[in-house]
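Note that the working numbering numbers the first sequence so that position 252 is 266, with each residue one more than the last.
Worksheet for the structure shown next.
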Amino acid sequence: MPELPEVETICRGLEPKLAGSTITAAKSNTPKLRIAMPTKLEQKLKNKTITAIKRRAKYIIIELDDELSLVIHLGMSGRVTVTKNYQAKKHDHLVLKLSNGQTMALNDPRRFGLVALIPTAEIDSDKLFVNLGIEPLSTKFNGAYLANLIQKRHRDIKSCIMDASLVVGVGNIYASESLYLSKIHPEREAATLSNKECEELSKAIKQTLKAAIKAGGSSLRDYRQADGEMGYFQHSFKVYDQSGQPCHKCKTAIVRIKQAGRSTYYCPNCQI
DNA sequence: AGACGTACCTGACCGC
DNA sequence: TGCGGTCAGGTACGTC
15 MPELPEVETI CRGLEPKLAG STITAAKSNT PKLRIAMPTK LEQKLKNKTI TAIKRRAKYI
75 IIELDDELSL VIHLGMSGRV TVTKNYQAKK HDHLVLKLSN GQTMALNDPR RFGLVALIPT
135 AEIDSDKLFV NLGIEPLSTK FNGAYLANLI QKRHRDIKSC IMDASLVVGV GNIYASESLY
195 LSKIHPEREA ATLSNKECEE LSKAIKQTLK AAIKAGGSSL RDYRQADGEM GYFQHSFKVY
255 DQSGQPCHKC KTAIVRIKQA GRSTYYCPNC QI
């Protein structure tokens with residue numbers, strides 16, 4: 015489930031725990047998640063030192079000292095834990111023992127996530143990354159950029175902002191939240207958005223994601239003090255999962271609809 | 001090219 | 001207690 019803010023928070027949490035440590039042992043427990051586990055994964059990871067943790071879209075990129083990167087996607091249900099006293103759990107697919115005494119585990123019940131080993135220099139051109147759209151928090155992403163992206167799109171706007179080939183990191187929760195903040199109806203045909211609306215929406219996406227990252231940072235402080243899980247944080251949503259609750263602005267009941275098989279929440283009065 | 005449906009998988013929850 | 005249905009925060013692929 016993790017969306018961009020969660021993945022960003024996880025990366026920030028992993029950095030101090032992993033960077034500089036060497037993987038003393040790696041154990042892969044599952045032949046395949048969404049894609050097959052890399053061949054000889056355990057041997058390839060053993061005795062490698064972790065140099066940096068990065069993020070692109072919702073991918074966690076763990077850079078190793080031999081020009082190879084361990085790439086992890088959490089899918090819908092993935093979690094990462096780093097603990098000193100590791101105890102194996104059901105659905106722990108990859109377990110790394112580290113030279114600092116910590117153990118990192120990737121747990122993913124639904125197995126929609128993935129693990130890949132990609133030469134660091136080839137990540138951008140890798141199949142998993144090559145079709146990814148712009149990072150929403152980059153300065154390049156703004157109203158004009160969004161307007162250009164969607165000017166010929168006849169799908170609804172919610173599908174467009176969730177389309178990772180256009181803009182990455184906006185999942186089902188923050189799509190609803192961003193549209194609410196920018197007062198745009200989720201079923202609006204994308205191409206009909208005015209330049210002003212594109213400006214509002216791009217700002218709303220940034221604001222929503224940044225606020226969630228900040229909230230994740232708070233969770234992270236707690237996390238650092240104890241062994242724990244990363245991947246799910248407390249959120250306070252304005253519309254997501256708020257069916258029937260009064261809109262914060264106008265008190266109209268929040269409505270849930272289905273778009274492309276996914277739940278969308280919006281205020282039928284504020285969003286046009 | 002773009003839009004749309006479907007598939008991947010487990011687990012929690014709800015009504016009967 | 002069990003069973004069937006529905007739902008869940010993501011992404012890739014096939015088809016039209």
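Cβ coordinates follow ideal geometry from the N, Cα and C atoms, glycine included.
Inter-residue Cα distance where the pair is residue 135 and residue 28: About 22 Å.
Given 8 Å, three or more beta-carbon pairs between the segment 60-77 and the segment 26-42: Put simply, the segment 60-77 touches the segment 26-42. At least three CB pairs are less than 8 Å apart.
Integer-rounded CB distance, given that residue 128 should sit under 8 Å from residue 70: Actually they do not touch by this definition, with Cβ atoms about 14 Å apart.
Beta carbon of residue 16 nearer than 8 Å to that of residue 24: It is a contact, given that the beta carbons lie within the stated cut-off.
Three-state secondary structure (DSSP) of residue 194: DSSP, read as helix, strand or coil, puts residue 194 in helix.
Neighbour-count burial assignment, residue 102, 16 or more Cβ in a 10 Å radius: Under the 10 Å beta carbon count, residue 102 is surrounded by fewer than 16 other beta carbons and is classified as exposed.
Nearest to residue 133 (by Cα), restricted to the options 84, 179, 167 and 145: Of the candidates 84, 179, 167 and 145, the one whose C-alpha sits nearest the C-alpha of residue 133 is 84.
Residue 191 versus residue 57 - alpha carbon distance: For residue 191 and residue 57, the distance between alpha carbons rounds to 43 Å.
For residue 117, three-class secondary structure by DSSP: In the three-state reduction of the DSSP assignment, residue 117 falls in the strand class, which pools E and B.
Nearest-angstrom Cα separation, counted from residue 211 out to residue 203: C-alpha separation (whole angstroms): 12 Å.
Beta carbon of residue 75 nearer than 8 Å to that of residue 21: Not in contact: residue 75 and residue 21 (Cβ atoms no closer than 8 Å).
Close Cβ partners of residue 172 (< 7 Å) along its chain, the five nearest in sequence each way excluded: Apart from sequence neighbours up to five positions away, the residues of its chain that approach residue 172 with a beta-carbon distance below 7 Å are 189, 193, 200, 273 and 278, ordered along the chain.
Residue 93 versus residue 50: straight-line alpha-carbon distance, rounded: One C-alpha to the other measures close to 19 Å.
Residue 141 versus residue 19 - alpha carbon distance: Between residue 141 and residue 19, the alpha-carbon positions lie close to 23 Å from each other.
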